[in-house]
Amino acid sequence: MDAFKKTGLACGLAVAIAIASAAPVRAQDKPLASPSSAGQKPAGAAFSREMSEQAKIYQTRGDVVPVGYVIDRSLLAYTINLLPEFRQSLAELGPTQRWLDIGAGEGQAILDYYGERYDAMNREGRDKRGSKARSVAISIEDRRQPEWHETAAKLEPGKITYLFGKTLSERTPEELGKFDLVTDVFGGFSYTPRISRFMERTLSLLEVNGVFYTLLIDVHPETWHSRPARPTTAFQTQIVNPDGTEMKICAWLKQISCVEVQCEAEPKIDTPAERYRIRKTCNEVVVPALESVHFVAGTPPAREFRLVKRSRAP
Ligand SMILES: C[S@@+](CC[C@H](N)C(=O)[O-])C[C@H]1O[C@@H](n2cnc3c(N)ncnc32)[C@H](O)[C@@H]1O
Numbered sequence: 001m002d003a004f005k006k007t008g009l010a011c012g013l014a015v016a017i018a019i020a021s022a023a024p025v026r027a028q029d030k031p032l033a034s035p036s037s038a039g040q041k042p043a044g045a046a047f048s049r050e051m052s053e054q055a056k057i058y059q060t061r062g063d064v065v066p067v068g069y070v071i072d073r074s075l076l077a078y079t080i081n082l083l084p085e086f087r088q089s090l091a092e093l094g095p096t097q098r099w100l101d102i103g104a105g106e107g108q109a110i111l112d113y114y115g116e117r118y119d120a121m122n123r124e125g126r127d128k129r130g131s132k133a134r135s136v137a138i139s140i141e142d143r144r145q146p147e148w149h150e151t152a153a154k155l156e157p158g159k160i161t162y163l164f165g166k167t168l169s170e171r172t173p174e175e176l177g178k179f180d181l182v183t184d185v186f187g188g189f190s191y192t193p194r195i196s197r198f199m200e201r202t203l204s205l206l207e208v209n210g211v212f213y214t215l216l217i218d219v220h221p222e223t224w225h226s227r228p229a230r231p232t233t234a235f236q237t238q239i240v241n242p243d244g245t246e247m248k249i250c251a252w253l254k255q256i257s258c259v260e261v262q263c264e265a266e267p268k269i270d271t272p273a274e275r276y277r278i279r280k281t282c283n284e285v286v287v288p289a290l291e292s293v294h295f296v297a298g299t300p301p302a303r304e305f306r307l308v309k310r311s312r313a314p
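For the sequence shown, the working numbering assigns the number 1 to the initial residue and increments by one for each residue that follows.
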């Protein structure tokens, strides 16, 4: 289950509790493939079936939205989930700069940014940010509530934009433009079956010196040197090398050129989350390509990827 409904908690303890409560739901309780099966591509029919199950989750409404599919996290929840530097990165954006929230759900974090309490709670950078940055929310499905439309009507035209009906990678860089800050809190980075293409597209949208903040739950953290004792051997998101050995998510991110990567894990729990800060340092970004070898629909889905040698991202 992905963690954090709207919350007023803001202390370190809250971080531990919140991430601990982010224990993953294995979709429909289907077992994950073990790393030994990593050399096989998912059968086409099985992959299509899981993708169609995943599409159903996106389209759920009202009482049938799965408990683990949280779509209304507050900005405070974003600051707790993401690395601490996110708060300052957002606070320092000026009115000509742009923030992209990938997988925005209802867009509550963006709405909170324009709310009255934001400036009171974030005094640093207040003069510089003035009327605040422009924001774009992307979601596969339209989750906007009346508050989104009310806020958009009060702000200057084009200050906030909500795009739905396509995934991030299905949108062209031209229609999205460039961004100084990108966030993804249990959005496309946690849900896509094409993670290297997703990362390529995300980084192409960042200005040089722009920063991407995201996280994953239930991964093998960079700082863990042995696999934890667990009922299953697989993590919710994992990568294998072409020879079937494990590659940690953080190690893959650090192989991307033109980025500076920071990975930080919550150390005390057995379904660890890892938070990422990825700063783009130049334009010649090359993302090591990964292919999907396992995908089981869920909130978020269980995914296994395999590194593809010397080819472009699929
Ligand atoms: C669990 S909700 C998270 C919503 C929000 N970030 C929050 O924390 O409340 C997942 C969101 O990610 C979106 N999403 C999933 N895959 C995506 C993709 N590849 N591109 C864009 N949005 C995606 C969904 O449409 C949905 O808006």
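The beta-carbon is built from N, C-alpha and C at its ideal position, and this holds for glycine as well.
For residue i, does the count of other Cβ atoms within 10 angstroms reach 16, so buried, or fall short, so exposed?
{"i": "Glu304", "result": "buried"}
{"i": "Cys250", "result": "buried"}
{"i": "Lys154", "result": "exposed"}
{"i": "Ala55", "result": "exposed"}
{"i": "Pro193", "result": "buried"}
{"i": "Ser166", "result": "The question names Ser, but residue 166 is Lys in the sequence shown. Exposed."}
{"i": "Val240", "result": "buried"}
{"i": "Gln40", "result": "For Gln40, the predicted structure reports a pLDDT of 43, less than 50, and the residue's modelled location is therefore unreliable. The matter cannot be settled from this model."}
{"i": "Pro288", "result": "buried"}
{"i": "Ser36", "result": "For Ser36, the predicted model reports a pLDDT of 36, less than 50, meaning its position is unreliable; a value from the coordinates is still stated below. With fewer than 16 other Cβ atoms within 10 Å, it is exposed."}
{"i": "Pro157", "result": "exposed"}
{"i": "Gly130", "result": "exposed"}
{"i": "Arg277", "result": "buried"}
{"i": "Lys128", "result": "exposed"}
{"i": "Ala297", "result": "buried"}
{"i": "Arg306", "result": "buried"}
{"i": "Arg61", "result": "exposed"}
{"i": "Val219", "result": "buried"}
{"i": "Val67", "result": "exposed"}
With a threshold of 8 Å (Cβ to nearest heavy atom), would residue i be considered close to ligand 1?
{"i": "Gly115", "result": "no"}
{"i": "Gln108", "result": "yes"}
{"i": "Thr167", "result": "yes"}
{"i": "Glu141", "result": "yes"}
{"i": "Arg73", "result": "yes"}
{"i": "Asp101", "result": "yes"}
{"i": "Thr223", "result": "no"}
{"i": "Gly187", "result": "yes"}
{"i": "Ala77", "result": "yes"}
{"i": "Thr60", "result": "no"}
{"i": "Phe198", "result": "yes"}
{"i": "Thr96", "result": "no"}
{"i": "Thr172", "result": "no"}
{"i": "Ala104", "result": "yes"}
Return the residue from the list the options that minimises the CA-CA distance to residue i.
{"i": "Gly244", "options": "Gly177, Asp101, Arg126, Lys309", "result": "Lys309"}
{"i": "Ala104", "options": "His149, Asn241, Arg143", "result": "Arg143"}
{"i": "Glu53", "options": "Leu90, Tyr191, Ala91", "result": "Tyr191"}
{"i": "Ala234", "options": "Pro242, Lys248, Thr223", "result": "Lys248"}
{"i": "Ser171", "options": "Leu76, Val65, Ile102", "result": "Per the sequence presented here, residue 171 reads as Arg, with Ser not at that position. Considering only alpha carbons, the answer is Ile102."}
{"i": "Val286", "options": "Glu147, Leu75, Arg277, Arg197", "result": "Arg197"}
{"i": "Asn122", "options": "His149, Glu266, Phe86", "result": "Phe86"}
{"i": "Leu76", "options": "Asn283, Asp180, Leu111, Leu253", "result": "Leu111"}
{"i": "Ser257", "options": "Arg277, Cys282, Pro242, Glu266", "result": "Cys282"}
{"i": "Thr223", "options": "Pro95, Ala109, Phe164, Glu266", "result": "Glu266"}
{"i": "Ile138", "options": "Asp72, Lys280, Gly188", "result": "Gly188"}
{"i": "Thr202", "options": "His149, Lys280, Glu150, Val219", "result": "Lys280"}
{"i": "Pro221", "options": "Glu246, Leu163, Thr96, Trp148", "result": "Glu246"}
{"i": "Phe186", "options": "Asn209, Ile71, Lys178, Glu291", "result": "Ile71"}
Is the distance from the Cβ of residue i to the Cβ of residue j below 9 Å?
{"i": "Gln262", "j": "Leu83", "result": "yes"}
{"i": "Val211", "j": "Ser89", "result": "yes"}
{"i": "Glu274", "j": "Glu264", "result": "yes"}
{"i": "Gly107", "j": "Ile140", "result": "no"}
{"i": "Pro300", "j": "Gln236", "result": "yes"}
{"i": "Ile195", "j": "Pro272", "result": "no"}
{"i": "Leu93", "j": "Ala120", "result": "no"}
{"i": "Glu50", "j": "Phe295", "result": "yes"}
{"i": "Tyr69", "j": "Ile57", "result": "yes"}
{"i": "Leu181", "j": "Arg98", "result": "yes"}
{"i": "Leu100", "j": "Leu176", "result": "yes"}
{"i": "Thr183", "j": "Ala109", "result": "yes"}
{"i": "Tyr367", "j": "Thr151", "result": "Here the chain has residues from 1 to 314 only, and residue 367 is not among them."}
{"i": "Glu200", "j": "Phe179", "result": "no"}
Is any heavy atom of ligand 3 found at a distance shorter than 8 Å from the C-beta of residue i?
{"i": "Pro300", "result": "Although ligand 3 was asked about, the structure shown includes only ligand 1 as ligands."}
Completely contained alpha helix (DSSP H) runs for the stretch 175-243, where each covers 4 or more residues: For the stretch 175-243, the continuous alpha helix (DSSP H) assignments of 4+ residues that do not extend past its boundaries occur at 188-191, 195-205, in sequence order.
Length at least 3, wholly inside the stretch 67-126: the beta strand (DSSP E) runs in chain order: Qualifying beta strand (DSSP E) stretches, in chain order: 98-102.
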